[in-house]
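Notes follow the structure.
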Amino acid sequence: MEETFLSIVIPAYNESHRIAKSLEEIIEYLEKKIFSSEIIVVDDGSTDDTVRIVEEKFRGNNVRVIRNGRNRGKGYTVRNGMLAAKGKYILFADADNATPINELNRLLRELEEEDIDFVYGIRLIRREGGFLKNLIRKFIGRGFLFLAHAIVLREFVYDTQCGFKCFRREAARKIFERALIESGVFDVEIFFLAEKLALKGTPVPVHWRHMPGSTINIYKCIIGDPFSMMRIKMNDMTGKYER
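Under our numbering, the first residue of the sequence shown carries the number 2, and numbering increases by one thereafter.
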(Lines of atoms letter the chains of each structure in order from A and count residues from 1; the text may use other names and numbers.)
(Lines give C-alpha, C1' and ligand atoms only; values in the text may rest on other atoms or scores of the structure.)
Protein backbone atom coordinates (compact mmCIF):
# COMPACT_ATOMS: atom_id res chain seq x y z
CA MET A 1 0.00 0.00 0.00
CA GLU A 2 1.33 3.42 -0.94
CA GLU A 3 2.28 5.57 2.04
CA THR A 4 0.25 8.71 2.59
CA PHE A 5 2.58 11.68 2.21
CA LEU A 6 0.66 14.28 4.22
CA SER A 7 -1.97 14.26 6.94
CA ILE A 8 -3.70 17.45 8.05
CA VAL A 9 -5.29 17.33 11.49
CA ILE A 10 -7.92 19.97 12.28
CA PRO A 11 -9.28 20.22 15.84
CA ALA A 12 -12.85 21.52 15.80
CA TYR A 13 -15.28 22.67 18.47
CA ASN A 14 -18.49 24.40 17.34
CA GLU A 15 -16.96 25.47 14.03
CA SER A 16 -20.09 25.21 11.85
CA HIS A 17 -19.81 28.91 10.94
CA ARG A 18 -16.47 28.45 9.15
CA ILE A 19 -15.44 24.80 8.83
CA ALA A 20 -16.81 24.49 5.28
CA LYS A 21 -14.83 27.49 4.01
CA SER A 22 -11.67 26.28 5.71
CA LEU A 23 -11.95 22.78 4.25
CA GLU A 24 -12.68 24.16 0.79
CA GLU A 25 -9.46 26.19 0.92
CA ILE A 26 -7.45 23.19 2.12
CA ILE A 27 -8.91 20.82 -0.48
CA GLU A 28 -8.28 23.34 -3.26
CA TYR A 29 -4.65 23.57 -2.13
CA LEU A 30 -4.23 19.79 -1.99
CA GLU A 31 -5.80 19.24 -5.42
CA LYS A 32 -2.88 21.12 -6.96
CA LYS A 33 -0.34 18.80 -5.36
CA ILE A 34 0.89 15.51 -6.74
CA PHE A 35 1.35 13.86 -3.34
CA SER A 36 -1.25 11.77 -1.50
CA SER A 37 -2.99 13.31 1.48
CA GLU A 38 -5.73 12.99 4.06
CA ILE A 39 -7.65 15.46 6.20
CA ILE A 40 -8.73 14.49 9.70
CA VAL A 41 -11.29 16.68 11.45
CA VAL A 42 -11.36 15.86 15.16
CA ASP A 43 -14.61 17.01 16.72
CA ASP A 44 -14.34 17.94 20.38
CA GLY A 45 -17.96 17.35 21.38
CA SER A 46 -19.48 20.13 19.26
CA THR A 47 -23.11 21.01 19.97
CA ASP A 48 -23.68 22.64 16.57
CA ASP A 49 -23.65 21.25 13.01
CA THR A 50 -19.88 20.92 12.63
CA VAL A 51 -19.89 17.14 12.17
CA ARG A 52 -22.94 17.08 9.90
CA ILE A 53 -21.42 19.72 7.60
CA VAL A 54 -18.12 17.88 7.29
CA GLU A 55 -19.66 14.45 6.73
CA GLU A 56 -22.31 15.57 4.26
CA LYS A 57 -20.42 18.17 2.24
CA PHE A 58 -16.93 16.69 2.10
CA ARG A 59 -17.50 12.97 1.84
CA GLY A 60 -15.21 11.50 -0.81
CA ASN A 61 -12.48 14.16 -0.48
CA ASN A 62 -10.15 12.07 1.70
CA VAL A 63 -11.77 13.77 4.69
CA ARG A 64 -12.68 11.79 7.78
CA VAL A 65 -14.11 12.74 11.13
CA ILE A 66 -12.99 11.50 14.53
CA ARG A 67 -15.32 12.26 17.45
CA ASN A 68 -14.13 12.69 21.01
CA GLY A 69 -17.65 12.00 22.23
CA ARG A 70 -17.58 14.89 24.67
CA ASN A 71 -15.68 18.13 25.08
CA ARG A 72 -12.16 17.26 26.23
CA GLY A 73 -10.02 20.26 25.27
CA LYS A 74 -7.76 21.18 22.38
CA GLY A 75 -4.78 19.22 23.64
CA TYR A 76 -6.73 15.96 23.79
CA THR A 77 -8.31 16.71 20.42
CA VAL A 78 -5.05 17.35 18.61
CA ARG A 79 -3.44 14.31 20.22
CA ASN A 80 -6.36 12.12 19.11
CA GLY A 81 -5.90 13.22 15.50
CA MET A 82 -2.11 13.11 15.44
CA LEU A 83 -2.01 9.52 16.66
CA ALA A 84 -4.62 8.48 14.08
CA ALA A 85 -2.80 10.14 11.17
CA LYS A 86 -1.12 7.98 8.52
CA GLY A 87 1.01 10.59 6.75
CA LYS A 88 4.76 10.72 6.45
CA TYR A 89 4.34 14.33 7.51
CA ILE A 90 1.55 15.44 9.85
CA LEU A 91 0.35 19.03 10.12
CA PHE A 92 -2.08 20.28 12.69
CA ALA A 93 -3.83 23.50 11.78
CA ASP A 94 -6.55 25.54 13.44
CA ALA A 95 -10.05 25.29 12.00
CA ASP A 96 -10.19 29.01 11.26
CA ASN A 97 -7.27 28.87 8.77
CA ALA A 98 -5.75 31.88 10.51
CA THR A 99 -2.52 30.74 8.89
CA PRO A 100 -3.39 30.21 5.20
CA ILE A 101 -2.83 26.63 4.08
CA ASN A 102 -0.39 27.65 1.33
CA GLU A 103 2.07 28.55 4.10
CA LEU A 104 2.51 24.80 4.44
CA ASN A 105 4.88 25.01 1.46
CA ARG A 106 7.45 26.69 3.71
CA LEU A 107 7.15 24.03 6.41
CA LEU A 108 7.37 21.07 4.05
CA ARG A 109 10.39 22.59 2.33
CA GLU A 110 12.22 22.75 5.65
CA LEU A 111 11.29 19.18 6.55
CA GLU A 112 12.35 17.87 3.15
CA GLU A 113 15.66 19.73 3.02
CA GLU A 114 16.85 19.79 6.64
CA ASP A 115 17.64 17.09 9.18
CA ILE A 116 14.92 18.09 11.63
CA ASP A 117 11.96 16.41 13.34
CA PHE A 118 9.32 19.13 13.20
CA VAL A 119 8.67 22.68 12.06
CA TYR A 120 6.53 25.26 13.78
CA GLY A 121 5.07 28.47 12.43
CA ILE A 122 5.88 31.77 14.07
CA ARG A 123 3.45 34.61 13.49
CA LEU A 124 5.82 37.32 12.33
CA ILE A 125 3.65 38.62 9.51
CA ARG A 126 0.30 39.56 11.03
CA ARG A 127 -2.90 41.18 9.91
CA GLU A 128 -4.95 42.15 12.93
CA GLY A 129 -7.87 44.49 13.41
CA GLY A 130 -8.27 47.17 16.07
CA PHE A 131 -5.49 48.89 17.99
CA LEU A 132 -6.78 48.08 21.49
CA LYS A 133 -7.52 44.41 20.74
CA ASN A 134 -4.14 44.13 19.07
CA LEU A 135 -2.43 45.61 22.14
CA ILE A 136 -4.30 43.31 24.55
CA ARG A 137 -3.56 40.27 22.41
CA LYS A 138 0.15 41.09 22.29
CA PHE A 139 0.26 41.68 26.05
CA ILE A 140 -1.42 38.36 26.83
CA GLY A 141 0.70 36.51 24.27
CA ARG A 142 3.99 37.83 25.60
CA GLY A 143 2.92 37.16 29.18
CA PHE A 144 2.08 33.56 28.25
CA LEU A 145 5.44 33.10 26.51
CA PHE A 146 7.27 34.52 29.53
CA LEU A 147 5.51 32.10 31.88
CA ALA A 148 6.14 29.16 29.56
CA HIS A 149 9.88 29.80 29.68
CA ALA A 150 9.93 30.68 33.37
CA ILE A 151 8.08 27.53 34.42
CA VAL A 152 8.60 24.88 31.74
CA LEU A 153 10.94 25.50 28.82
CA ARG A 154 14.72 25.66 28.92
CA GLU A 155 15.37 26.28 25.23
CA PHE A 156 13.94 29.46 23.73
CA VAL A 157 10.84 29.04 21.55
CA TYR A 158 9.77 32.02 19.44
CA ASP A 159 6.06 31.27 19.36
CA THR A 160 4.56 28.33 21.25
CA GLN A 161 0.92 28.97 20.40
CA CYS A 162 0.80 29.29 16.62
CA GLY A 163 -1.66 26.61 15.52
CA PHE A 164 0.40 25.53 12.53
CA LYS A 165 2.98 22.83 13.24
CA CYS A 166 4.20 19.99 11.03
CA PHE A 167 5.96 16.82 12.22
CA ARG A 168 7.64 13.80 10.78
CA ARG A 169 5.38 10.90 11.75
CA GLU A 170 8.02 9.25 13.96
CA ALA A 171 8.51 12.47 15.94
CA ALA A 172 4.76 13.03 16.22
CA ARG A 173 4.24 9.59 17.71
CA LYS A 174 7.08 10.01 20.22
CA ILE A 175 5.64 13.30 21.43
CA PHE A 176 1.91 12.66 21.36
CA GLU A 177 2.06 9.15 22.85
CA ARG A 178 3.49 10.83 25.95
CA ALA A 179 1.43 14.04 25.96
CA LEU A 180 -1.00 14.45 28.86
CA ILE A 181 -2.19 18.06 28.84
CA GLU A 182 -5.71 18.41 27.44
CA SER A 183 -6.02 22.21 27.48
CA GLY A 184 -4.55 24.85 25.16
CA VAL A 185 -1.26 24.67 27.05
CA PHE A 186 -0.57 21.41 25.21
CA ASP A 187 1.60 23.42 22.77
CA VAL A 188 4.02 24.16 25.60
CA GLU A 189 4.04 20.48 26.50
CA ILE A 190 4.93 19.65 22.87
CA PHE A 191 8.07 21.78 23.08
CA PHE A 192 8.92 20.43 26.53
CA LEU A 193 8.67 16.84 25.31
CA ALA A 194 10.69 17.67 22.20
CA GLU A 195 13.46 18.99 24.46
CA LYS A 196 13.24 15.93 26.69
CA LEU A 197 13.39 13.54 23.74
CA ALA A 198 16.17 15.51 21.97
CA LEU A 199 13.95 16.16 18.95
CA LYS A 200 14.94 19.07 16.76
CA GLY A 201 12.38 21.70 15.79
CA THR A 202 12.83 24.74 13.55
CA PRO A 203 10.72 27.93 13.43
CA VAL A 204 9.42 29.22 10.11
CA PRO A 205 7.81 32.68 9.72
CA VAL A 206 4.25 32.45 8.42
CA HIS A 207 1.50 34.86 7.48
CA TRP A 208 -1.22 35.06 10.09
CA ARG A 209 -4.48 36.93 10.36
CA HIS A 210 -6.81 37.43 13.29
CA MET A 211 -10.04 35.52 12.70
CA PRO A 212 -13.13 36.48 14.72
CA GLY A 213 -15.34 33.85 16.31
CA SER A 214 -12.83 32.11 18.57
CA THR A 215 -14.24 29.63 21.11
CA ILE A 216 -11.32 30.23 23.49
CA ASN A 217 -12.21 31.76 26.86
CA ILE A 218 -9.38 34.24 27.45
CA TYR A 219 -10.19 34.81 31.14
CA LYS A 220 -10.31 31.09 31.84
CA CYS A 221 -6.94 30.73 30.15
CA ILE A 222 -5.36 33.53 32.19
CA ILE A 223 -6.38 31.77 35.40
CA GLY A 224 -5.81 28.16 34.34
CA ASP A 225 -2.75 28.27 32.08
CA PRO A 226 -0.11 28.80 34.82
CA PHE A 227 -1.50 25.78 36.71
CA SER A 228 -1.35 23.68 33.53
CA MET A 229 2.28 24.70 33.04
CA MET A 230 3.10 23.69 36.62
CA ARG A 231 1.35 20.39 35.95
CA ILE A 232 3.80 19.73 33.10
CA LYS A 233 6.68 20.14 35.55
CA MET A 234 4.96 17.89 38.09
CA ASN A 235 4.30 15.26 35.43
CA ASP A 236 7.99 15.26 34.63
CA MET A 237 9.10 15.14 38.24
CA THR A 238 6.82 12.18 38.97
CA GLY A 239 7.98 10.25 35.89
CA LYS A 240 4.69 10.38 33.98
CA TYR A 241 6.47 11.13 30.70
CA GLU A 242 8.78 8.12 30.97
CA ARG A 243 7.82 5.44 28.43
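Backbone N, C-alpha and C define an ideal beta-carbon position, used for all residues, glycine too. Just so it is clear, the structure is predicted and the values come from calculations on it, not from any experiment.
Its chain contains Ser184 as the residues whose beta carbon lies nearer than 7 Å to that of Gly225, once the 5 sequence neighbours on both sides are disregarded; these appear in chain order. Between the alpha carbons of Ile27 and Val55 lies a gap of roughly 13 Å. Residues Asp44 of the same chain have their beta carbon placed closer than 6 Å to that of Arg68, with the five preceding and five following residues left out of the count. Assignment of Val43 by DSSP, reduced to helix, strand and coil, places it in the strand class. Shown here for Lys89: same chain residues with a beta carbon closer than 8 Å to its own, the five before and five after excluded, namely Glu4, Thr5, Phe6, Leu7, Arg169, Arg170 in chain order. By the neighbour-count definition (other C-beta atoms within 10 Å, threshold 16), Gly74 is a buried residue.
Rounded to the nearest angstrom, the Cβ distance from Ile20 to Ala96 is 6 Å, consistent with a contact under 8 Å. Within the stretch 50–91, the complete beta strand (DSSP E) segments of 3 residues or longer fall at 64–68, listed in chain order. Bounds of any beta strand (DSSP E) do not take in Phe6, whose DSSP letter is neither H nor E.
Using a 10 angstroms sphere on the CB of Asp116, the tally of other CB atoms stays under 16, which defines it as exposed.
When only Cα atoms are considered, Leu31 and Asp49 end up about 27 Å apart.
Boundaries cannot be given for Lys34, as no alpha helix (DSSP H) includes it and DSSP labels it neither H nor E. For Thr48, no pairing in a beta bridge is given by DSSP. Checking the DSSP bridge columns, you'll see Val205 partnered with Gly122.
Pairing Ile123 with Cys167 gives a Cβ-Cβ distance that is not under 8 Å. Residue pairing for Phe177: DSSP places it in no beta bridge.
With respect to the C-alpha of Thr161, the residue from Lys22, Glu29, Leu194, Glu57 having the closest C-alpha is Leu194. For Arg169, the enclosing beta strand (DSSP E) starts and ends at 165–169. One Cα belongs to Met230, the other to Ile152, and the distance between them is close to 7 Å.
If you look at Val189, you'll find it in the alpha helix (DSSP H) that goes 187–197. Restricting attention to Glu104, Glu178, Trp209, Ala173, the CA atom closest to the CA of Lys201 is found in Ala173. When the beta-carbon positions are compared, Ser38 and Asn63 come within less than 8 Å of each other. In the structure shown, the three-state DSSP call for Arg210 is strand.
Cβ neighbours of Ala149 within its own chain (closer than 6 Å, five residues either side excluded): Thr161, Val189. Counting along the chain, Glu111 sits inside the alpha helix (DSSP H) bounded by residues 105–114.
Of the residues Lys58, Phe36, Leu154, the one whose Cα lies closest to the Cα of Lys197 is Leu154.
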